Every structure is written in C-alpha cells, then in structure tokens.
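Shown next, in structure tokens, is the structure this report addresses.
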Amino acid sequence: MASNLAEKDKRFALHPFTDLSAHQEKGPFIINRGEGIHVWDDHGNKYIEGMSGLWCTSLGFSEQRLIDAAQAQFQELPFTHQFTHRSTEAVIELSEKLIEHAPAGFGKVFPVNSGSEAVDLAIKMVWFYNNALGKPKKKTIIARERAYHGVTVAAGSLTGLPYVQNGFDLPAISVIHTGTPHAYRYAKTGETEAEFSSRLAAELEEQILAAGADTIAAFIAEPVMGAGGVLIPPEGYFEKIQSVLKRHDILFIADEVICGFARTGNWWGSDTYKIQPDIITCAKQLSSAYLPIGAVLVTDALVDVFTRYSDELGMFGTGNTYGGHPVSASVALETLKIYEERDIVGHVQARSSLFEARVQALANHALVGNARSVGLIGAIDIVQDKNTKDQYPATDKIAAQVANAARNHGLILRATPGDSVAFCPPLIIDEEQIDVMFDAVTDALNDVQAIIGCS
Ligand SMILES: Cc1ncc(COP(=O)(O)O)c(C=O)c1O
Numbered sequence: 001m002a003s004n005l006a007e008k009d010k011r012f013a014l015h016p017f018t019d020l021s022a023h024q025e026k027g028p029f030i031i032n033r034g035e036g037i038h039v040w041d042d043h044g045n046k047y048i049e050g051m052s053g054l055w056c057t058s059l060g061f062s063e064q065r066l067i068d069a070a071q072a073q074f075q076e077l078p079f080t081h082q083f084t085h086r087s088t089e090a091v092i093e094l095s096e097k098l099i100e101h102a103p104a105g106f107g108k109v110f111p112v113n114s115g116s117e118a119v120d121l122a123i124k125m126v127w128f129y130n131n132a133l134g135k136p137k138k139k140t141i142i143a144r145e146r147a148y149h150g151v152t153v154a155a156g157s158l159t160g161l162p163y164v165q166n167g168f169d170l171p172a173i174s175v176i177h178t179g180t181p182h183a184y185r186y187a188k189t190g191e192t193e194a195e196f197s198s199r200l201a202a203e204l205e206e207q208i209l210a211a212g213a214d215t216i217a218a219f220i221a222e223p224v225m226g227a228g229g230v231l232i233p234p235e236g237y238f239e240k241i242q243s244v245l246k247r248h249d250i251l252f253i254a255d256e257v258i259c260g261f262a263r264t265g266n267w268w269g270s271d272t273y274k275i276q277p278d279i280i281t282c283a284k285q286l287s288s289a290y291l292p293i294g295a296v297l298v299t300d301a302l303v304d305v306f307t308r309y310s311d312e313l314g315m316f317g318t319g320n321t322y323g324g325h326p327v328s329a330s331v332a333l334e335t336l337k338i339y340e341e342r343d344i345v346g347h348v349q350a351r352s353s354l355f356e357a358r359v360q361a362l363a364n365h366a367l368v369g370n371a372r373s374v375g376l377i378g379a380i381d382i383v384q385d386k387n388t389k390d391q392y393p394a395t396d397k398i399a400a401q402v403a404n405a406a407r408n409h410g411l412i413l414r415a416t417p418g419d420s421v422a423f424c425p426p427l428i429i430d431e432e433q434i435d436v437m438f439d440a441v442t443d444a445l446n447d448v449q450a451i452i453g454c455s
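First residue of the sequence shown: 1, per the numbering used here; consecutive thereafter.
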C-alpha cells in the first residue's frame, strides 16, 4: 500500500522546492500521523519534527482545541467572505486580538491566506500609500541577500535566494538587495559585530542615495532570517538600519512570518530586536499551521492614508476569496488564546537557555564553524576548516548530508543556504525532548564526519 502510494505520487504529483527529476528516483517522504512534537512516516518510523514542518506547527500535531475550533466553525458557518463590508465574528475577534498584541501604533488587520500573500499585500499597500501621498516615483523595495519572503511574483522578487528566482524571470518588480547581517560569514577580519552593523547601514545608505531616496518606498526584513540560514542580526544592526530609513522617509515592513508568536522569545521578533515597523506580515504560527491563514497589520498612520485614498478611488480594491476564511480565522483565534493561557512567551523563554546551551555545544564539533540561536530557533554552519571557514564543495551537499543522517536518528531537520542546518522545533517542546533532539544532531554530525573521514 505504501509503495503504491509512492508510485502514485511519482506519477501524479509536482512538488515545490524539489528536483523533479531526482524525485522520480527517490520518491516521496510520506508523513501520515502526528502527535505532540512527533510525526510518523508511512513505514511507521517516528521522528521529532525539528523544523515544526516549515517553521509553523508551534503547538505540535495533536492540539485538540484547534480541531474542535475548526469543527465548531464548520458546523456554524463554513464560509463567507470579507468583500464589500462583509465579515464574521471569527475575523473580527481575531483582528482585535492581533492588535492587542501588536506594537504601539498598530491599528488594523487585513487577513490573507499565506505568508507570500501577506508580503505581496504589504508591497501593494506601500505603493498605494505613496500614490495617495502624490509620490508616484517612490516604489522600490529594499530587501536583503539571503532573505526569504515567499514565492509569488512580488514576494519572490524580494526573496534574495537565487534558487527561488532562477528560471522564473524574477525579480519582476523594482527591488534592491542589500547586505546580509551574518557576522560569522560576512564581517571582515577584525571587524566587531557593531562595526559590521555600521558598515551594513552605511552600505544601505549608499544604495539609497545612488538610487535616489525619492524612489525607495520600503525596506523589508525578517527579524531573524529563516530560510536563508537562521541568521541572527549582529549587535546594533536594526537600530542603525532604522536610523538610515527614518532619514530617508522609508517605511519598514517586518516580515514576521517565522518570528511572530514567540519564536524568538517575545510575541514578535520586532520586540526582540527593538524594531518599530510600519507594517507587519505574519502567517504560519498564527494558526499553528492547522489551517492556512496570514495577516497584514498596519499602523494607524497608514490606515488613515488608505482610508482617504480609497474614498477618492471608490474602494481599497484588493482581496482574495479565502482571505479571512472563517474556519481558518477561528483556528487562529483559538491558537492565540492558547498562547495567552499557556504563556507561550514565558514557556519559550524558560526553554531557551537549555536550547541555546545545546546549540552552542555543537560549536565544539569538528564540522561546525558557527552555532547560533535565539528563543527556540537556531542553526549551525558546517565548514571544512574551522580556522579558514572554508566550505565543502557545493556538490558535497554537506548540510543535506547532516539533515539526512539526522533522519536516521529520528529527527527531521532542514539544510539551508550557506551549508547551514536549521533547528526550529514546535514551541511546546520540553527539556527532555530538547536533549533527545540535540543528542540526535550530535549523532548525525558524527555519522557524517565518519563518512567524510573515510572518503
Ligand atoms: C519570512 C517569510 N516570509 C514569507 C514566507 C512565505 O510564506 P508562505 O510559504 O506561506 O507563502 C515565508 C515562508 O517560509 C517566510 O519564512
């Protein structure tokens, strides 16, 4: 039965972020059950989901309250939309709760279905805003190299990873990519973290001046860069970047699709790094990924401009059929209630010192050049030589080797660019499970070292 399913998958399914040709050889990795932080494959093998799926299943795989919330909403009203003044209790209550937890100055929420959609909408909002203000030239968005903001035509243009753009004619909107705040890889020899941050801010300002500040609409950043390799900002980075942006009247979009909802040990990554955004995009942990939903949060200052301009144009002419789907919204609302009742922020903070200690201990391994974490997200960079930081040849796919080896030890991890291996377990992980998880990482590193040592 399992192999029959695998054959059907190879015959009928196209997979995202997959070498479609290699897939015909390898076939699918079929997950068919989950409980707590664990999932089981179709051969009955049990794994810790060390990536929370795609950085998203914060409450694990068996939270009955979320299942009940979905069922109740399905029975009451399985669908209505948000167009032309319509709404539901679920969306209204969810919006209020999101604003309750938003940074000061945030006033309204626009629900969407995914992170990419949230980012696309944030870009449209920025364009709408500058058109309203009579600044039609002010449209370019600045993102960072190695950023991940999604895959749709606009969001995929902001993503700073070649594998997302290759072959797809991206970028397709006006975007400038600026430097990556990963001191281990990009700081110059002898440069302190603070000096590195100053240099990145100075380089950003040079780019703004070269393009003309009157052409730059917004800067978008993940507080901690996720899919680009879990890159944690160096000391003083956001403070210095924000002062450049303020000087040139450039909006800040905080892409909280991974960091939002306690991942970094505070409600928002923006809280952790003292970012004062104008727009927040979120998704993933908003519903613990039980149903697709995202949201864009906007400050009152922007909402006022939207409101005036939409009156002039006749409407705020954007939205999707399923944006604010009542079942997704009910599940998201229940998720946020659970976060509050179980003090998820406190839980993450309490677990983060053990998590950090276990991540940092990996830095002693011969294969590990850098180890980093904040809250319950972290990564290691695999290197061939710790002193020179030289990497293995790309063809070795060394980080993928570690992730594959981890699977043999009952742990799902993910290889990310820069030969990084990422850790992002469900937020409900306990201390014993953190130990089991990192024992498996160590075993995986030892396995790969043994194979490389023999080759
Ligand atoms: C920071 C960030 N923004 C946007 C996205 C896109 O989200 P989605 O895959 O839901 O479109 C992701 C997805 O991983 C992300 O990590």
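All C-beta atoms, glycine included, are put in the ideal place defined by N, C-alpha and C.
Keep in mind the model is a prediction, meaning the values are calculated, not measured.
| Asked | Found |
| --- | --- |
| Pop quiz: Glu25 and Val39 are said to be a contact at Cβ under 8 Å. What is the actual Cβ separation, rounded to whole angstroms? | Between Val39 and Glu25 the Cβ distance is about 24 Å, and since that is not below 8 Å, they are no contact. |
| Taking one C-beta from the stretch 224-239 and one from the stretch 183-193 each time, how about it: are there three or more such pairs within less than 8 Å? | yes |
| Touch check for the stretch 322-334 and the stretch 63-78: three-plus C-beta pairs under 8 Å? | yes |
| In this structure, how does DSSP classify Pro111 when only helix, strand and coil are distinguished? | strand |
| For ligand 1, I want to know if Glu222 counts as a neighbour, meaning its beta carbon is within less than 6 Å of at least one of the ligand's heavy atoms. | yes |
| Please classify Arg372: does DSSP put it in a helix, a strand, or coil? | strand |
| So, at 8 Å on beta carbons, what are the nonlocal neighbours of Val345 in its own chain, with the 5 sequence-adjacent residues on each side left out? | Ala262, Gly265, Asn266, Trp267, Tyr339 |
| Answer with buried or exposed for Ser455, where buried requires no fewer than 16 other C-beta atoms within 10 angstroms of its C-beta. | With a pLDDT of 48 at Ser455, under the threshold of 50, the modelled position of that residue is not reliable, and the figure given next carries that caveat. Flag for Ser455 reads exposed. |
| By the DSSP assignment, the beta strand (DSSP E) with Tyr322 in it spans what residues? | First-last for Tyr322: undefined, no H or E at that position. |
| In whole angstroms, give me the CA-to-CA distance for Glu334 and Cys56. | 15 Å |
| For Ile61, does the count of other Cβ atoms within 10 angstroms reach 16, so buried, or fall short, so exposed? | Looking at the sequence shown, residue 61 is not Ile but Phe. Result: buried. |
| Looking only at its chain, what residues have a beta carbon closer than 6 Å to the beta carbon of Val153, apart from the 5 residues adjacent to it on each side? | Ala172 |
| Can you give, in chain order, each stretch of the alpha helix (DSSP H) that sits fully within the stretch 58-87 and has at least 4 residues? | 64-76 |
| Apart from the five residues on each side of it in sequence, which residues of its chain come closer than 8 Å, Cβ to Cβ, to Lys397? | Ala415 |
| When you measure from the CB of Tyr148 to every non-hydrogen atom of ligand 1, does any distance come out below 6 Å? | yes |
| Ligand 1 heavy atoms versus the CB of Ala283: any closer than 6 Å? | yes |
| With burial defined as no fewer than 16 other Cβ atoms inside 10 Å of the residue's Cβ, what is the status of Gln242: buried or exposed? | buried |
| Under the rule that 16 or more other beta-carbon atoms within 10 Å means buried, what is His15, buried or exposed? | exposed |
| For Val296, count the other beta carbons within 10 Å of its own beta carbon; 16 or more makes it buried, fewer makes it exposed. Which is it? | buried |
| Tell me which residue opens and which closes the beta strand (DSSP E) that Thr272 is part of. | Not the beta strand (DSSP E): Thr272 falls in the alpha helix (DSSP H), residues 269-272. |
| Assuming Thr281 contacts Glu312 (C-beta within less than 8 Å), just tell me the rounded distance between them. | That pair is no contact at about 26 Å. |
| Among the candidates Arg372, Thr88, Gly107, Val164, whose CA atom is the shortest distance from the CA of Ser116? | Val164 |
| Within the same chain, show all residues whose beta-carbon is closer than 6 Å to that of Gly34, passing over the 5 residues directly before and after it, in chain order. | Phe61 |
| Taking only runs of the alpha helix (DSSP H) that begin and end inside the stretch 280-365, which ones reach a length of at least 4 residues, in chain order? | 300-313, 326-341, 344-361 |
| As an exercise, report each continuous alpha helix (DSSP H) stretch of at least 4 residues that is fully enclosed by the stretch 381-424, in chain order. | 398-408 |
| By the three-class DSSP mapping on this structure, what secondary structure does Ser455 have? | Annotation note: pLDDT 48 at Ser455 (below 50); position unreliable, coordinate value reported separately. Looking at Ser455 - three-state DSSP - the assignment turns out to be coil, as it is neither helix nor strand. |
| Quick one: what's got a C-beta closer than 7 Å to Leu245's C-beta in the same chain, skipping five residues either side? | Phe219, Phe252 |
| Using the Cβ count rule (16 or more neighbours within 10 Å means buried), how would you classify Met315? | exposed |
| Between the stretch 421-440 and the stretch 365-382, can you find at least three pairs of beta-carbon atoms closer than 8 Å? | yes |
| Could you give the DSSP three-state label for Met225: helix, strand or coil? | strand |
| If I follow the unbroken beta strand (DSSP E) through Ala187, where does it start and stop? | Counting along the chain, Ala187 falls outside any beta strand (DSSP E), and DSSP gives it neither H nor E. |
| Could you give the residue range of the beta strand (DSSP E) that holds Leu251? | 251-255 |
| Jot down the residue ranges of each uninterrupted alpha helix (DSSP H) in the stretch 132-175, minimum 4 residues, whole runs only, in chain order. | 153-158, 162-165 |
| From Tyr129, His182, Asp214, pick the residue whose C-alpha is nearest to that of Gly228; which is it? | His182 |
| Please work out which residues of its chain come closer than 8 Å, Cβ to Cβ, to Ile67, disregarding the five sequence neighbours upstream and downstream, and give them in chain order. | Tyr290 |
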